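Numbering-wise, our numbering puts 279 at position 79 of the sequence shown, and it's gapless, one number per residue.
Backbone N, C-alpha and C define an ideal beta-carbon position, used for all residues, glycine too.
From a predicted model like this one, the values you see are computed outputs, not experimental measurements.
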Amino acid sequence: MWKDSLHTVRSVVARLYLAGGCVLLLGVCFKSLLLWAVGVVILLVGLVIHLRYYRCPACGKFLGRDAVAHCPHCGSKIR
Ligand SMILES: [Zn+2]
């Protein structure tokens, strides 16, 4: 179950980063403060989800940016 949820967290965060980046870029291109702000909010939501939920199921510490096979803190197998 933890493996699936960590995969889901990574997938959701990647999509939020991509969507937020695209909306932010559109805001810059069209000089729209609203689009820019929405893009920043989407990116921040992705960042919060990443920092809050991408954690080792054994020790609870943050797993970092990359997909890892073992926790860098306790060595527990992640996938
Ligand atoms: Zn750990």
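- Within its own chain, the residues whose Cβ lies closer than 6 Å to the Cβ of H273, once the five positions on either side in sequence are excluded, are C259, K261, listed in chain order.
- Between R255 and the set L234, L244, V268, the nearest pair of CA atoms involves V268.
- Here the distance from the Cβ of S205 to the nearest heavy atom of ligand 1 is not below 8 Å.
- The three-state reading of DSSP puts R255 in strand, counting E and B together.
- Per DSSP, the beta bridge partners of H270 are K277.
- Judged by their CB atoms, V223 and H250 are not nearer to each other than the 9 Å cut-off.
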